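**Q** Before I ask anything, here is the structure I am working with.
Chains as they are written, first to last, in our numbering: chain A, 184 to 304; chain B, 24 to 206.
Now the structure itself:
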């Protein structure tokens with residue numbers, strides 16, 4: 184095998200340091216707008232990131248509070264019909280009055296007539 | 024080296040100019056060697072390098088292995104160089120001798136001698152295939168090992184070794200003994 188390197192130093196781009204530095208300078212100068220764009224984007228992300236944790240914490244607290252409130256309200260709604268049923272018994276209301284209450288509706292004229300007939304001796 | 028590259032890539036992604044410049048300084052020589060191996064004209068190789076570094080910066084998020092930034096960058100360099108060469112083939116650019124002649128008018132003494140040697144080397148390298156030129160430049164100019172050249176070219180180490188061997192033999196046959204030096 185041909186193991187002796189060839190002297191390629193005439194092709195060495197850094198042999199002319201001024202030209203080499205100019206090339207590096209040209210590349211970094213041309214890259215400046217993209218680097219600036221990246222730096223700006225990163226700073227926006229950093230600001231958002233800075234606010235994100237407290238905002239997330241506050242959001243979680245609000246969500247928990249809302250869930251708890253909703254849960255309490257639902258429980259109250261479930262309890263109300265039972266209270267109504269208890270009321271009928273407490274007032275010793277017979278049919279059809281207790282039926283109107285359980286159906287949660289206003290009595291019609293015929294309902295009223297029927298009720299009066301029922302109470303008549 | 025690789026860890027340092029990974030950190031520099033991370034900082035460059037954040038827009039840190041000093042990190043990007045450090046990446047340029049670390050890898051410009053290898054990039055230049057690869058570009059020169061394809062385009063064969065120093066000024067074109069410089070253009071390719073500039074273009075490739077800017078492309079790399081714009082696509083830095085695509086570099087999935089920042090610790091292997093060099094390999095990724097050199098692929099970009101090679102593709103850009105091949106694109107330029109195709110475009111030049113279409114445009115029928117100036118012959119190398121003419122271009123060197125224009126650039127050499129301002130040279131004096133040692134610079135002129137160096138320009139002459141460079142022109143002869145570049146002319147002789149036209150006989151080589153692109154992989155042979157890349158392998159020779161990376162090995163004999165940049166000091167890469169056969170293993171590293173092979174990894175860059177995506178060939179077995181024995182093939183990279185053969186590329187370097189064939190390139191040297193052809194260059195020697197073309198240039199004669201005056202440019203040779205034992206390493």
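C-beta atoms are modelled at their ideal positions from N, C-alpha and C, and glycine is treated no differently. Being a predicted model, the structure only gives us computed values, none of them experimental.
1. In the DSSP assignment, find the alpha helix (DSSP H) that holds residue 37(B) and state where it starts and stops.
2. By the 9 Å beta-carbon criterion, what residues does the stretch 192-205 of chain A contribute toward chain B?
3. So, for residue 100(B): in the same chain, excluding its five sequence neighbours on each side, which residues have a beta-carbon less than 8 Å away from its beta-carbon?
4. Is it buried or exposed, residue 230(A), if we count other Cβ atoms within 10 angstroms and call 16 or more buried?
5. Report all residues from its chain with a CB closer than 7 Å to the CB of residue 41(B); omit the five preceding and five following residues, and keep chain order.
6. How long is the line joining the alpha carbons of residue 27(B) and residue 94(B), rounded to whole angstroms?
7. So, residue 89(B) versus residue 185(B), is the Cβ gap smaller than 8 Å?
8. Should residue 134(B) be labelled buried (16 or more other beta-carbon atoms within 10 Å of its own) or exposed?
9. Answer with yes or no whether the minimum CB distance from residue 128(B) to chain A is below 8 Å.
10. As a quick exercise: from 197(B), 191(B), 79(B), pick the residue whose alpha carbon is nearest that of residue 190(A).
11. Find the residues of chain B that neighbour residue 219(A), judging by a C-beta separation of less than 7 Å, and give them in chain order.
12. Locate the alpha helix (DSSP H) running through residue 154(B), then write down its first and last residues.
13. Leaving out five residues before and five after residue 299(A) in sequence, what residues of the same chain have Cβ atoms less than 8 Å from its Cβ?
14. What do you get for residue 196(A), buried or exposed, if any count of 16 or more other CB atoms within 10 angstroms of its CB means buried?
15. So with Cβ pairs under 8 Å, would you call residue 243(A) a contact of chain B?
16. Do we get a CB-CB distance below 8 Å when we pair residue 146(B) with the residues of chain A?
17. Using a C-beta to C-beta distance shorter than 9 Å, which residues of chain A count as neighbours of residue 150(B)?
**A** Taking the geometry as given:
1. Sequence index remark: in the second chain, residue 37(B) carries index 14 (1-based). Note, residue 37(B): premise wrong, no alpha helix (DSSP H); not H, not E.
2. 192, 193, 194, 195, 196, 197, 198, 199, 202, 203
3. As a first step, residue 100(B) must be located in the second chain, where it is residue number 77. Same-chain partners within the cutoff: 54, 57, 58, 71, 72, 75.
4. The residue labelled residue 230(A) in the question sits at position 47 within the first chain. Burial call: exposed.
5. Sequence index remark: in the second chain, residue 41(B) carries index 18 (1-based). There are no such residues.
6. Within the second chain, residue 27(B) is the residue found at index 4, counting from 1. Within the second chain, residue 94(B) is the residue found at index 71, counting from 1. In a straight line, the C-alpha of residue 27(B) is about 14 Å away from that of residue 94(B).
7. Start at 1 with the first residue of the second chain, and residue 89(B) comes out as number 66. Start at 1 with the first residue of the second chain, and residue 185(B) comes out as number 162. Not a contact, by the Cβ cut-off of 8 Å.
8. By 1-based counting over the second chain, the position of residue 134(B) is 111. Around the C-beta of residue 134(B), fewer than 16 other C-beta atoms lie within 10 Å, and the residue is accordingly described as exposed.
9. Taking the first residue of the second chain as position 1, residue 128(B) is located at position 105. With a pLDDT of only 48 at residue 128(B), under the threshold of 50, the placement of this residue in the model should not be trusted, and no figure is reported.
10. As a working mapping, residue 190(A) is identified with position 7 in the first chain. Ranking 197(B), 191(B), 79(B) by Cα distance to residue 190(A) puts 191(B) first.
11. As a first step, residue 219(A) must be located in the first chain, where it is residue number 36. Ordered by position in chain B, the residues that pass the 7 Å Cβ test against residue 219(A) are 38.
12. Taking the second chain and counting its residues from 1, the one referred to as residue 154(B) is at position 131. Note, residue 154(B): alpha helix (DSSP H), 153-159.
13. Residue numbering aside, residue 299(A) sits at position 116 when the first chain is read from its first letter. Cβ within range, chain order: n/a, list empty.
14. As a working note, residue 196(A) is residue 13 in the first chain. With 16 or more Cβ atoms within 10 Å of its Cβ, residue 196(A) is classed as buried.
15. The sequence position of residue 243(A) within the first chain is 60, counting from 1. Judged by the 8 Å Cβ criterion, residue 243(A) is not in contact with chain B.
16. If you number the second chain from 1, residue 146(B) lands on position 123. Residue 146(B) has a beta carbon lying at 8 Å or more from every beta carbon in chain A.
17. For the purposes of this step, residue 150(B) is taken as the residue at position 127 of the second chain. Those do not exist, as residue 150(B) stays about 14 Å from chain A at its closest Cβ, beyond 9 Å.
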